[in-house]
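Notes follow the structure.
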Amino acid sequence: MPEYQDATVKRTFAVFLNAFKDPSFRKNMEKDRRVEDLLLIFYSNATKELSKGKAPTDDSWKLMVDRHVALFLRLVSSCLRDHDWAKDRPELTQRLATMEKKLLLHDQDLAAENQRNGGQGGTTIEVEVPRSYEVKDMPLVLVVSRIFAIGYSDVQADINRYKSVWTEKAALQDLKTYQAHLSLMTKKTLNADDFDTEEAYESWKNQEIPDLSQMILAIIQSSPELAKSSPGGAVPQFKPKMAVDAGYSDPSRQGSASSESGSSYVIDQPVDMSGLNISNDSDDDSSYTFIPADTRGTYRAILTEALKYDLSDAELEPTEATAENPSVKLLSKQSAELLNEIALRWRIPQFSRLVLFMDVIRDKYVNQEIDLDTLDAAFIYVKEPPPADKKSNRLSYIPVQESLFDRSKWTIHDYALNQQILSSLHDCLLRELYELMMHVYESKPPPLGPVMYVLENHIYDDPTFPGTEEEMDKFTEQLRQGLREKAGDVYHELLTKHIPDTKEEWEFFHVIELGRAVVKLCERIQKRYRKNPEVMGASPMMCLVEKIFPSYAADARDLVARIMDVAQSKGEEVPIQDGFDLYKELVEIRRIHSDALPGQNFAFNIEDQLQDFVWRWIQMTDENLVGWVENAFKADPFQIQSQNPIPMDDERHSVSVVDIFRSFNQSIEQIVALNWDNDVHYAKFMTALSKSIGSALARYCELVEQKFAREMDRLTPEQEAAANQTRQEKWLSTVKDFYSQKEKIEPFQFYAESLVKLNNIEYAMQQLDKLEREIGVDACAEVIQKNAPPQNQRLRNNNFVFTIKIIEAEDLKACDMNGLSDPYVVLGDEYQKRLAKTRVIYRNLNPRWEETVDITTNGPLNVVATIWDWDAMGDHDCVGRTSLKLDPSHFRDYMPREYWLDLDTQGRLLLRVSMEGERDDIQFYFGKAFRTLKRTERDMTRKITDKLSSFIGYKLSRRSLDALLNKGVASKVTNYLGNFRAARPISVIQGPTQQEIAQALGPLFVYFDENFAIMKQTLTDAAMIMVMTRLWKEALSTIESLLVPPLSDKLSQQRPLTQQELDIVFKWLKMLFDFFHAVDEDGNVEGVPMDVLKSPKYHELQNLNFFYFEATEDLIRTSESMAAASAKRQQEQAQRMNRMSAPPAMGHQFGGAAGFAGMPTRKHKTIMLSRNLGTMKKAKEEKRKEAQAEPNDDMILRILRMRPEAERYLKDRSRQKERLAAAQAAEAIVRQSLNAGGGRMGPPRR
């Protein structure tokens, strides 16, 4: 385009391009992307470039600026059209075209010489306008008229009256006089004493002298005759830095220049003032024409009136509100121009103008004539002049000098006044802030931001603010106190709103509602002041919490106590759920209180006052748990709930055990959900619940075992047919079966629901162990133990738990035709109440039951033990009866004792008795529950194995041995009639083969497989292993009874086996071992683990083979050496225990007469050792280690019972054991007494 080929255009665009490439400008343009920014930067650079080298009076270049800007707009429009952007931005395109037309009103050639108004061809017509003395031609006079409400005619009259006095000459004379005083330092102007430092004074003076010179020259320029009449000669030339009119006739242009340069006028050279008439002939005391005597006071008065007028001027539109600044009114443009002109003529420094302006603002704000927004706008007005507002016609700026914000260059008076203004405004703002803060707890409080903004950005940021830390701390404390008082008023309103006036109407609900209202208020305040939690060092939230929470705590405590007293007086109880809801609410409030006030205790001991509700709930739960268990048991069909063809182990139980543990867990969770904040209370709650759970589990075990026993004791079809026979038919059938010796024993058909019951007990033990861990039983017990009262202050426990183990009986009376009995034991008290019953041991006169029962009593109790003979038909026969007195005073050492009790007929019964004090202890209750479950599981397992053990006894018997060795019936009959001989029988020369020995146990293995197949379908793997383990023990006991008689101090009628018979028995043992171990083809063990099979009993049988055929004398010597070694070890152990001052170690079990006197025996299984599966497993492992630790001579003594020549040694050895046991018991009692009493020299404990 040809219009862009001009050299001047190229130079202008080149300067713009350099500015455009500036990184900071490019960054802003890429961010804002506004054409206006490009236009402004082009205009600025074009102005600078075209004004270079031009004389001050040359205005020809100004038109070229407009033309170059028009070319720039044309270029932008062309770019929009070329890239098809114009249609997307039609408004922008139109605006660019309009602006271009306005700039090209004079369509001329930019390069034409005649367009340059420099006198080289351009034509300019100059018209001199005569001076007017009409007010209408004086804008500032009109402003004065409006501000002071002076009529137009009055103002015109004053102009006419004083126009001869108010002349340029008078103005010039004022400036000359001011300049003379400044030069002569007559102190009629500002002087060094008015500034804090000489540097400040010199800085002001260096700015003041050029300003005065410029003003004088401006007057002379406007009235050249004044210069001609001056005697000093020519006026020096000057050149302003900015290309603006140097005269003061255009205040707006003059203000702009001032803002750019820092002084009103700037000249290039010093002015020679020697030609001006400033001789000393004039009167120093003469007054100024235009400058008043009190310039500051007069200026302040005019400023006050101007501001008053503008604030009340309805026609003055406020500024538009923005996100940062609200809409406000201040000085109009005309008022600002007037004040600016006055300050310039009266030589009031710019910093003084600002201080005086803020002084007036201060008075108006203190007198509440302006609001906070206006105050903020005033600060912004003097610090950050806002942009021009064309609508309101306001002055867009005030002159800014270099020293404006350098407070060190201010006068002392202005500095002090500024401090007074800030201090006064600070006090007023703090009062306003205080009043506003008193409303912070209302639903819609007034905003604090505006006041805080002014304080922080205009008061505290000012370096001259004279405030001190002590004053701020004092205000902060006053503010906190006021907030606390207001918080108290707000809480009183909540109390009145939520608590009824009548005390009888009070309920926990009201306390809860009051608490919720308090929490809601705190949450609202916390959320409201989340970003600024503190205001002037005072936190509304903290003040609220400090006042309202302690008040609520005290009121809640009194209200709760009163509500409970009223309910008690009416004979009513507050609902438990209300107590729980109240506790949860109070705990939450206490948590907030604790977080906010960590060093202050909550005034309400919630747990102590509300624990009764938990105890009532526990009592209610205790009353209902047994009922829940019974209902769950009744509704349970005892079917596996799994849909899988082969259910997993954890699916092989029924719904009743799941339901009862769900109820247990819900009961525990109810207490846990409370988050009870008192460890002792919580531990006691859990102790009480554990007792209830233990009782409920005991009831469940009782119901399950009863139903299981009925199912297991049902008659087979053959037994039912036999029961319907006549007495003669029964007798003939019994004789026939005896002599025919048939081997028809059918496998027992176990009900699936019977086996599910055993699974339920196993599942219950697992769930109880899980529950024990979740509760934290050990931690609860530890807490109670730490907080328990001293031993001498505790209440004595009058409940005792006796554990009676019915071990075995000897030499019972035969009650059946076959010369045997089917004995079982029934324990009853002196009031004929049944306490326990054992299982039936069939066809045995030396039965071994090893069953345990717990009996709870609070004093001595006589226990009667009756042995009965079970009969399928008719009444059961009494085998014998004996009794034992359980006296707690005889068991104060809590050591177990064994008693051989003689029956009133013949034979005797062995009982092992131990005692524990029933303790209100969570570990005790869990141990009791575990032991109940374990005994139930053991008894149920024993009932299952009893159905199988009869065939074990049948196949592992002397009759099977005789049949295998081809002995005749006569020999067997002789054995049955009791013609036993002590001499060794003659061995058979040729024994049976290995195949024959295996075939002898073939029916037994088939019988096992058939029954195991039935059980495998329902029992869990653990229960199956438990049944097999129990059967293995039965097999070992059967083989043991086949080899040796029981331990006693009397001779036995049982004859020893021959070598052949012994070899067959041990081959049977090996075959049974392999069968129960059940190793498949891949070497995987599917049966009983190896460590269980190789039990102490198994090892004793292996050792028995070594001593079985030893001579009697050798056996006696071996027994004596083993007894001596055992006694030595026990003595050494006792000495170690004495040195360690620990309780004595318990001796090993002794049989025979050793237990007759009721002496203590080895350590027994206490309830505390059964409190969970872990302790039970540990105790079992210790028992195994103890059994394997030391060899004893029991097996040798049992062999000697079959040797008549050893009768005397048996009695001597029995008495020796009895004496050793008595000595150990006495030593244990002495040691226990010493440990309990703190030693011989210590005081005894009560």
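Residue 261 in full-length UniProt numbering sits at position 261 of the sequence shown, and the numbers go up by one each step. Where a beta carbon is used, it is the ideal one built from N, C-alpha and C, also for glycine.
For the pair of segments examined, the stretch 752-763 was found to touch the stretch 1009-1025: the number of CB pairs separated by less than 8 Å reaches three. Rounded to whole angstroms, H593 and V783 show a C-alpha spacing of 26 Å. Under the DSSP definition of a beta bridge, T905 lacks any partner. With the rule of 3 Cβ pairs closer than 8 Å, the stretch 142-149 does not count as touching the stretch 177-195.
Only buried fits P896, as 16 or more other CB atoms lie within 10 angstroms of its CB. Apart from sequence neighbours up to five positions away, the residues of its chain that approach P500 with a beta-carbon distance below 8 Å are W506 and H510, ordered along the chain. For C815, there is no enclosing alpha helix (DSSP H), as DSSP marks it with neither H nor E. Taking the CA atoms as reference points, K176 sits about 16 Å from S222. When DSSP states are grouped into helix, strand and coil, W506 belongs to the coil group. In chain order, Y925 place their CB closer than 7 Å to the CB of K691, counting only its own chain and leaving out the 5 sequence neighbours on each side. In this structure, DSSP gives L417 a helical state, which the three-state scheme calls helix. Burial check for T993: the Cβ neighbour count within 10 Å stays below 16, so the residue is exposed. Taking all protein chains in view, the Cβ of E808 is crowded by 16 or more other Cβ atoms within 10 Å, so the residue is classified as buried.
The bridge partners DSSP lists for V853 are I804. Residue state for D829 is assigned as strand, using DSSP reduced to three classes. Counting the other Cβ atoms within 10 Å of the Cβ of I150 gives fewer than 16, which makes it exposed. Using a Cβ distance threshold of 9 Å, L356 and A306 do not count as a contacting pair. Beta-carbon to beta-carbon, L1004 and F951 are separated by about 6 Å, close enough to satisfy the 8 Å threshold. In this structure the stretch 584-603 does not lie against the stretch 626-644, because fewer than three pairs of beta carbons, one per stretch, are closer than 8 Å. By the Cβ-count criterion, N45 is buried, with 16 or more other Cβ atoms from all chains shown falling within 10 Å of its own Cβ. Relative to the Cα of M536, the nearest Cα in the group M472, Q568 and P598 belongs to M472. Taken in chain order, the complete alpha helix (DSSP H) segments of 4 or more residues contained in the stretch 291-366 are 295-312, 333-346 and 350-366. Within the DSSP bridge table, the entry for T411 names F195 as partners.
Secondary structure at L375: helix, using DSSP grouped into helix, strand and coil. For T882, the uninterrupted beta strand (DSSP E) run begins and ends at D877 to L886, by DSSP.
By DSSP's assignment, T866 forms a beta bridge with V826 and R881. With 16 or more other Cβ atoms from the protein chains shown falling within 10 Å of its own Cβ, H458 counts as buried. Pairing P23 with F72, the inter-Cα distance amounts to about 21 Å.
Secondary structure note for K486: its alpha helix (DSSP H) is the uninterrupted segment E469 to H498. Contact annotation: Y1108 and L1036 have beta-carbon atoms that are not nearer than 9 Å.
The beta carbons of R484 and E546 sit about 6 Å from each other, so the pair counts as a contact at 8 Å.
Of N799, S960 and K101, the smallest CA-CA separation from S889 is found for N799. Distances from the CA of I342 to each of S332, Y365, V382 and F290 were compared; the closest alpha carbon is that of F290.
Along the UniProt domain "MHD2" (998-1119), the alpha helix (DSSP H) occurs as fully enclosed runs of 4 or more residues at 1021-1043, 1059-1077, 1090-1093 and 1096-1107, listed in sequence order. In the displayed model, V840 falls within coil according to three-state DSSP, outside both helix and strand.
Secondary structure note for V135: it is in no alpha helix (DSSP H), with a DSSP letter that is neither H nor E.
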